[in-house]
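Q: Residues in the sequence shown are numbered consecutively from 31, following full-length UniProt numbering.
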Amino acid sequence: DDQPDLSPWEIEAANDQLIAEVVFNRPLDTVYRYIVPDEFRELIQPGQRVRVPFGRGNSSTLGFCVRTHVGGTPGKRLKSLAEICDREPLLSQSMLDLTEWIAGRYLSGWGQVLESVIPAGVKRQAGTREIVFYRAADSLPDIDTLKLPSKQHAVLNLLLQSDDPMRVDELTAAAGCGVSPIDSLKKKNFIIPERRRVSTHSIGGEIATRQEDLKLNSEQSAALQEILKVLRESRHETLLLHGVTGSGKTEVYIQAIREVISYGRQAIVLVPEISLTPQTIRRFRARFDSVAVLHSHLSDSDRHWHWQQIASGDVQVVVGARSAVFAPVPHLGLIVIDEEHETTFKQQSVPRYHAREVARERARRDNIPLILGTATPTLETLKRTMDGEDRRIVLKERVEQRPLPPVSIVDIRNDPFIQRRHSLGRAMTNAIQVALKAGGQGILFLNLRGYSPVLWCGKCKGVTCPDCDVSLTWHKDRSRLVCHSCDFEMESPERCPTCHQPGLRLIGTGTQRLEAEVINKFPAARIARMDSDSMRKPGSHDEVLERFREHEIDLLLGTQMIAKGLDFPNVTLVGVIDADTLLYQPDLRAGERTFHLISQVAGRTGRGDKQGRVLVQTLNPDEPIIQFAAHHDFDGFAKYELKQRKVMQAPPFQSMARVILRALDERIVQAESQRICQLLRERIQAGNRPIRVLGPAPAPILRLRKYFRYHFQLTSPEQQQIEEVWREFVPTMKLAAEVDMVIDMDPVDL
Ligand code: ADP
Ligand code: ZN
Numbered sequence: 031d032d033q034p035d036l037s038p039w040e041i042e043a044a045n046d047q048l049i050a051e052v053v054f055n056r057p058l059d060t061v062y063r064y065i066v067p068d069e070f071r072e073l074i075q076p077g078q079r080v081r082v083p084f085g086r087g088n089s090s091t092l093g094f095c096v097r098t099h100v101g102g103t104p105g106k107r108l109k110s111l112a113e114i115c116d117r118e119p120l121l122s123q124s125m126l127d128l129t130e131w132i133a134g135r136y137l138s139g140w141g142q143v144l145e146s147v148i149p150a151g152v153k154r155q156a157g158t159r160e161i162v163f164y165r166a167a168d169s170l171p172d173i174d175t176l177k178l179p180s181k182q183h184a185v186l187n188l189l190l191q192s193d194d195p196m197r198v199d200e201l202t203a204a205a206g207c208g209v210s211p212i213d214s215l216k217k218k219n220f221i222i223p224e225r226r227r228v229s230t231h232s233i234g235g236e237i238a239t240r241q242e243d244l245k246l247n248s249e250q251s252a253a254l255q256e257i258l259k260v261l262r263e264s265r266h267e268t269l270l271l272h273g274v275t276g277s278g279k280t281e282v283y284i285q286a287i288r289e290v291i292s293y294g295r296q297a298i299v300l301v302p303e304i305s306l307t308p309q310t311i312r313r314f315r316a317r318f319d320s321v322a323v324l325h326s327h328l329s330d331s332d333r334h335w336h337w338q339q340i341a342s343g344d345v346q347v348v349v350g351a352r353s354a355v356f357a358p359v360p361h362l363g364l365i366v367i368d369e370e371h372e373t374t375f376k377q378q379s380v381p382r383y384h385a386r387e388v389a390r391e392r393a394r395r396d397n398i399p400l401i402l403g404t405a406t407p408t409l410e411t412l413k414r415t416m417d418g419e420d421r422r423i424v425l426k427e428r429v430e431q432r433p434l435p436p437v438s439i440v441d442i443r444n445d446p447f448i449q450r451r452h453s454l455g456r457a458m459t460n461a462i463q464v465a466l467k468a469g470g471q472g473i474l475f476l477n478l479r480g481y482s483p484v485l486w487c488g489k490c491k492g493v494t495c496p497d498c499d500v501s502l503t504w505h506k507d508r509s510r511l512v513c514h515s516c517d518f519e520m521e522s523p524e525r526c527p528t529c530h531q532p533g534l535r536l537i538g539t540g541t542q543r544l545e546a547e548v549i550n551k552f553p554a555a556r557i558a559r560m561d562s563d564s565m566r567k568p569g570s571h572d573e574v575l576e577r578f579r580e581h582e583i584d585l586l587l588g589t590q591m592i593a594k595g596l597d598f599p600n601v602t603l604v605g606v607i608d609a610d611t612l613l614y615q616p617d618l619r620a621g622e623r624t625f626h627l628i629s630q631v632a633g634r635t636g637r638g639d640k641q642g643r644v645l646v647q648t649l650n651p652d653e654p655i656i657q658f659a660a661h662h663d664f665d666g667f668a669k670y671e672l673k674q675r676k677v678m679q680a681p682p683f684q685s686m687a688r689v690i691l692r693a694l695d696e697r698i699v700q701a702e703s704q705r706i707c708q709l710l711r712e713r714i715q716a717g718n719r720p721i722r723v724l725g726p727a728p729a730p731i732l733r734l735r736k737y738f739r740y741h742f743q744l745t746s747p748e749q750q751q752i753e754e755v756w757r758e759f760v761p762t763m764k765l766a767a768e769v770d771m772v773i774d775m776d777p778v779d780l
């Protein structure tokens, strides 16, 4: 029985009764049915929120109406819906269908997906106000026969002359009167009030200087022609635009979008949040009349305003981070995902969708192309092109034949500076000196913020977070120890908090320590640090990049914030301070990510007329991944890594889901994980399904925010199999109340 508890006011619906199907913001939930009372019959539409009675007693809850149909089921008693909460549907039928697909694909509740996909600002109509407008009543006798006092006559006359209803303040101003004549007319039913929602919003978008499209080189033209062919044939295909950094991919997207706009359609361009720099935005604004930019720090009312503009068809191009894949454009013609390999396209909270897969599905339903652009495709995408499902288009050359920079692997195992606990080895130090002397700029990359990641006690090891199994990082600028996994902070202790010995030592280097060393070694250089600590103020990110562009900064150092998408012609040196930390993480994609990162960072140089170079410091100079990256050898890397993944029966050869259980008590979560895995294995065996269950095991960080965590993985050659077994299994497993469980389909962080 899929109905809420029976209550006395349930009735059996007649066979001409309109029924609303409603979903709630809950995991793996079913669709519930409610009678639509006659007064709502003309008003209800799928995509509206409704208030419905739920459970025993008088309690009610908010849900989404997802469908309506006519006719009850004989013998089945239903409750009636109590209220329709939105005047208009919050999303179109095709977007509603897409959210249903997401719920299935990512094993979440349909209502959860809707809750997450529709911005809060849209739900509460942020930035709008209800205002009363008046219009003249229909079929009034001639105004002069009414014998009205002069002010009332004036007001009514205005409304009879006006094509549009008018607000009270407009009427009083135009008729030179107060509000009482309006009230009197209303009482006599000569004028009729109407409530309308109006925007109180105004957005002053920056007007960019207009730029003409560039003349494409032959590789770019060939790529564009391929895309245009798919567009003109109105069919879906995913095209991987695989081009080294600076090969002119963005220019190709722009000209493909130009064609889409000429059909009266719109385009969505997804970019990683950190690439939403003024530079990127300006580039699109300079080419198109109407560009909406959706980033994560829009206010609710800005978001609502954009949503409406987009839905009305007034926006040609939507540029935005992950969630812009849900932009309600009415006639979508093309989706582009730039930097396809970025893990931020995967949402890390329910419904845990991957924007690339949602985009693929949306494009498939709309019969339009999806373009994935990157210098370093994910192995998932690469494999699809190898299997002939997607098509790969390669841009081999950088624009204007600028060479890719030479990358030197610097073996720091015996470096005298490193042995003295510096972060910059001898070669790196020299290279910085040379670059600065020649008037060039440098970027130094270190993927760890703070001053030092470990406060070491000789007796009992590091000082860890009381809530997580994570060593606390010393932040010198704030004089505090900080946990990078939760919000915990504390004063730095004089003595070890565990054994009370003095003599704690700082081990390892974060960006703050690197900054101190760089200032010390290059006192004349102008230095800026960019990481999430130094970039807390909104706008500070853009400001530093602007100063770097103007060459008011010589050396920019920071975390991956500086690795992505920056395009500065005067950068002649890029230094990767530590290639090893990322490589040796307990993560399936550690190698892939290291390759991506070195390639991306290397792409930051040699973009102007000056030749650039890249230095990569490592303790593992023979590591194949680092070698491939140094030789700009994507194909070599892919072949090597695919071979390993095949042996491991891992993605992209198999689909994977990760299940994480957590509880405050370690014994309970351990026992539950074992019990669940056992039951699941039995069910898989009984159903004869090709699914492997790996685990359970403690998560790599066992304790996080006070919770102990265990996890296990499901892998299968067919994603559908995992989906099916999980839907069957969950309602039967009876999870202990103390335990939380989540499933992450296609996880990117393991
Ligand atoms: P990618 O997106 O592949 O990194 P971009 O499209 O950003 O490459 O191009 C890199 C640089 O080359 C940009 O400054 C861009 O303006 C310039 N560019 C791109 N295409 C051309 C072209 N056909 N002719 C001249 N310059 C170009
Ligand atoms: Zn913590």
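No residue lacks a Cβ here, since even glycine has one placed at the ideal position from N, Cα and C.
Does residue 493 come out as helix, strand or coil in the three-state DSSP assignment?
A: It is coil, neither helix nor strand.
Q: For the ligand ADP, any of its heavy atoms closer than 6 Å to the Cβ of residue 244?
A: Yes - the ligand ADP has a heavy atom lying nearer than 6 Å to the Cβ of residue 244.
Q: For the ligand ZN, I want to know if residue 513 counts as a neighbour, meaning its beta carbon is within less than 6 Å of at least one of the ligand's heavy atoms.
A: Residue 513: yes, Cβ under 6 Å from the ligand ZN.
Q: The beta strand (DSSP E) with residue 775 in it runs from where to where?
A: Residues 770 to 775.
Q: Does the region 439 to 449 come within contact of the region 522 to 541, defined as at least 3 CB pairs closer than 8 Å?
A: At 8 Å Cβ cutoff, the stretches do not touch.
Q: For the region 651 to 665 against the region 681 to 688, are there 3 or more C-beta pairs whose distance is under 8 Å?
A: Cβ pair count under 8 Å is below three, so no.
Q: Tell me which residues share the same chain as residue 55 and place their Cβ nearer than 6 Å to its Cβ, disregarding the 5 neighbours each side in the sequence.
A: The residues are 141, 142, 145.
Q: Would you mind reading off the limits of the alpha helix (DSSP H) that contains residue 766?
A: First-last for residue 766: undefined, no H or E at that position.
Q: Alpha helix (DSSP H) containing residue 517: first to last residue?
A: Counting along the chain, residue 517 falls outside any alpha helix (DSSP H), and DSSP gives it neither H nor E.
Q: Please look up how many angstroms separate the CB atoms of residue 411 and residue 402, rounded, as I've assumed it's under 8 Å.
A: About 6 Å separates the two Cβ atoms, so the contact holds.
Q: With DSSP run on the structure shown, which of helix, strand or coil describes residue 683?
A: If DSSP states are grouped into helix, strand and coil, residue 683 belongs with coil.
Q: Return the CA-CA distance between residue 259 and residue 129, expressed in angstroms with no decimal places.
A: Straight-line Cα distance between these residues: approximately 29 Å.
Q: Tell me the rounded alpha-carbon separation between residue 262 and residue 295.
A: Cα to Cα, the separation comes out at about 13 Å.
Q: Exposed or buried, which one is residue 89 when buried takes at least 16 other CB atoms within 10 Å?
A: So residue 89 ends up on the exposed side.
Q: Could you compute how far the alpha carbon of residue 779 sits from the alpha carbon of residue 616?
A: For residue 779 and residue 616, the distance between alpha carbons rounds to 10 Å.
Q: Rounded to the nearest angstrom, what separates residue 533 and residue 524 at their Cα positions?
A: Spanning the two alpha carbons is a distance of roughly 8 Å.
Q: Whole angstroms are fine: how far does the CA of residue 757 sit from the CA of residue 374?
A: Distance between the alpha carbons of residue 374 and residue 757: 27 Å.
Q: Whole alpha helix (DSSP H) runs in the region 71 to 137 with 4 or more residues, listed along the chain?
A: Runs of the alpha helix (DSSP H) inside the region 71 to 137: 123 to 135.
Q: Within the same chain, show all residues whose beta-carbon is closer than 8 Å to that of residue 211, passing over the 5 residues directly before and after it, in chain order.
A: Excluding sequence neighbours, residue 211 sits near 179, 181, 182, 184, 185, 205.
Q: Could you spell out where the alpha helix (DSSP H) holding residue 280 opens and where it closes?
A: Per DSSP, residue 280 belongs to the alpha helix (DSSP H) from 279 to 292.
Q: By alpha-carbon positions, which one of 408, 359, 52, 110 ends up nearest to residue 376?
A: For residue 376, the nearest C-alpha among the options comes from 408.
Q: Among residues of its own chain, excluding the 5 on either side of residue 47, which ones have a beta-carbon nearer than 8 Å to its beta-carbon?
A: Here the set comprises 65, 66, 100, 101, 102.
Q: How about residue 41 and residue 74: are their beta carbons less than 7 Å apart?
A: The answer is no: Cβ separation not under 7 Å.
Q: I want to check one thing, is the minimum distance from the CB of residue 498 to the heavy atoms of the ligand ZN below 6 Å?
A: Answer for residue 498: yes, Cβ within range of the ligand ZN.
Q: I'd like the span of the alpha helix (DSSP H) that includes residue 447, first residue to last.
A: Taken as a continuous stretch (DSSP letters only), the alpha helix (DSSP H) holding residue 447 covers 446 to 449.
Q: Taking only three categories from DSSP, how would you classify residue 740?
A: Looking at residue 740 - three-state DSSP - the assignment turns out to be strand.
Q: Taking the alpha-carbon positions, what's the residue 676 to residue 620 distance?
A: Residue 676 and residue 620: Cα-Cα distance of roughly 16 Å.
Q: So what's residue 733 in DSSP terms, helix, strand or just coil?
A: Strand.
Q: From the DSSP secondary-structure annotation, give me the bridge partner or partners of residue 368.
A: Paired residue(s): 403.
Q: Just the C-alpha distance for residue 765 and residue 590, rounded to the nearest angstrom, thanks.
A: Their Cα atoms are separated by approximately 39 Å.
Q: Once DSSP output is grouped into helix, strand and coil, what is the label at residue 200?
A: Helix.
Q: If I measure Cβ to Cβ from residue 330 and keep anything under 8 Å in the same chain, skipping five residues before and after, which residues do I get?
A: The answer, listed in chain order, is 149, 150, 151, 154, 156, 157.
Q: Checking 7 Å against the spacing of the C-beta atoms, do residue 605 and residue 458 come in under that value?
A: Yes.
Q: According to DSSP, is residue 336 part of a helix, a strand, or is it coil?
A: The answer is helix: DSSP assigns residue 336 an H, G or I state.
Q: What does DSSP give as the partner residue(s) for residue 678 in the beta ladder?
A: None; residue 678 has no bridge partner.
Q: Just to confirm the assignment: which complete beta strand (DSSP E) runs, minimum length 3, are found wholly within the region 379 to 442?
A: Correct list: 400 to 404, 421 to 425, 437 to 441.
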